[in-house]
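Chains A and B, in that order, give the protein sequences. The numbering of the first sequence is the working numbering, which starts it at 1 and goes up by one. The numbering of the second sequence is the working numbering, which starts it at 214 and goes up by one. For each residue, glycine too, the CB sits at the ideal point set by N, CA and C. Okay, structure first, notes after.
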Amino acid sequence: MSTPRDNDAWIADLRAPGPRKDAAIIDLLAWLQKRLFFYLRDRSDLRSRHDEELQALSADFAQESVIIILEKLDQFQGRSKFTTWAAKIAVHQALGELRRARWRDISLQAATRDGAFEPDFLRREDVMSPEGGAIQQEAMSVVMDVMQNELSQRQSRALYARLVLGEPSSILAAELGVSHNALYKLIHDARKRLKARLLERGLSPEEILSSFQ
Amino acid sequence: MPIATNDMNAFSKGQPSHHHNLWRKLLRMLSLTRERELTCSEAQELMDSYVELELAGENPQTILPEVAQHLRICPECREEHDALLKILKMDEG
């Protein structure tokens, strides 16, 4: 970074009008781009990409991130270094984009995705191991009962999309027409209900899990 | 309930089926489920502090246990945490 800055200097420079702000933006862009490039180059799913391509991608991510950082500048509370806070925003932005791009590829490959929801996705007799059959059978019965009779269709669909399809939460939230936080709560409530019903029957998830090992 | 022969074979060979893995994934999630959990936004809010504690050699799991719990259960936030830690370690190298 060309100009070393502490937190106060970053905030002051990014709020200053004119060339002082421009210089701070250029420094922040360069700092983020270098680190994003380093990260992207190390990702196993991007190993086939050329460095030029990854440079361009990291430059795009850095630019998008700086716009968001400038918008959120008032939210910086100084609990960490400014650059850590900025990097957190950039990582969130970049990884969100990568997840959405990956999902688009998967969706194109699986044309039936929209119709892929299987309410019975967990009902398979053949998952049971010979040793843990009884406890697994009871657990499956409880889980299926909760999924069919207690969870809403949206909860079951959300659980399926995250657990089975690995659909990015930002895309799923948009499809369901809810905020990201509301989606988290939807799934959290479903998990709590499933866990509570299992515990009521004396079945701890840990115990059932160990029967699957 | 009968057990399919193919999966009996898979088990005996130590090859868990897709559904077997799904169940394990669900059960791990339920095992980690707590009455009160941070949402992704709440965990994100504290992520920079959490990572700086790690970089300083502190134990963030003790200092910010709710963030640690969220990272165990949320693969997206965990991925972002790991990425943030990795790029900030560049400055230490």
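Does residue 290 of chain B come out as helix, strand or coil in the three-state DSSP assignment? helix
Which class does residue 50 of chain A belong to by DSSP, given the choice of helix, strand or coil? Correct three-state label for residue 50 of chain A: coil.
Quick check: the Cα distance between residue 115 of chain A and residue 107 of chain A, rounded to an integer number of angstroms? Confidence in residue 115 of chain A is poor, its pLDDT being 47 and thus under 50, which makes the residue's placement unreliable; the coordinate value appears in the next sentence. Whole-angstrom Cα-Cα distance: 12 Å.
Go ahead and pull the three-state DSSP assignment for residue 38 of chain A. Helix, per DSSP.
Applying the 10 Å Cβ sphere with the 16-neighbour rule, what's the burial state of residue 84 of chain A? buried
Mind pulling the chain A residues with CB within less than 7 Å of residue 307 of chain B? This structure cannot speak to residue 307 of chain B, because chain B is shown only from 214 to 306.
For residue 66 of chain A and residue 29 of chain A, which I take to be in contact (beta-carbon distance under 8 Å), what is that distance rounded to the nearest angstrom? 6 Å
Spatial neighbours of residue 245 of chain B in its chain, beta-carbon cut-off 8 Å, leaving aside the 5 residues before and after: Around residue 245 of chain B: 282, 285 and 286.
Would you kindly work out how many angstroms separate the C-alpha atoms of residue 198 of chain A and residue 275 of chain B, rounded to a whole number? 29 Å
Counting only beta-carbon separations shorter than 8 Å, does residue 115 of chain A have a partner in chain B? For residue 115 of chain A, the predicted model reports a pLDDT of 47, less than 50, meaning its position is unreliable and no value from the coordinates is stated.
Between which residues of its own chain and residue 301 of chain B is the CB-CB distance below 7 Å, once the five residues before and five after are set aside? 264 and 268
Taking the alpha-carbon positions, what's the residue 59 of chain A to residue 26 of chain A distance? Approximately 12 Å, taken between the alpha carbons.
With a threshold of 8 Å between beta-carbons, can residue 291 of chain B be considered close to chain A, or not? no
Span of the alpha helix (DSSP H) holding residue 261 of chain B? 253 to 268
Interface residues of the segment 273 to 287 of chain B facing chain A [CB-CB below 7 Å]: Those would be none; no residue qualifies.
Which chain B residues sit within Cβ distance under 9 Å of residue 205 of chain A? 239, 240, 241, 242, 243, 244, 245 and 246
Beta carbon of residue 209 of chain A nearer than 8 Å to that of residue 135 of chain A: Going by C-beta atoms, residue 209 of chain A is not nearer than 8 Å to residue 135 of chain A.
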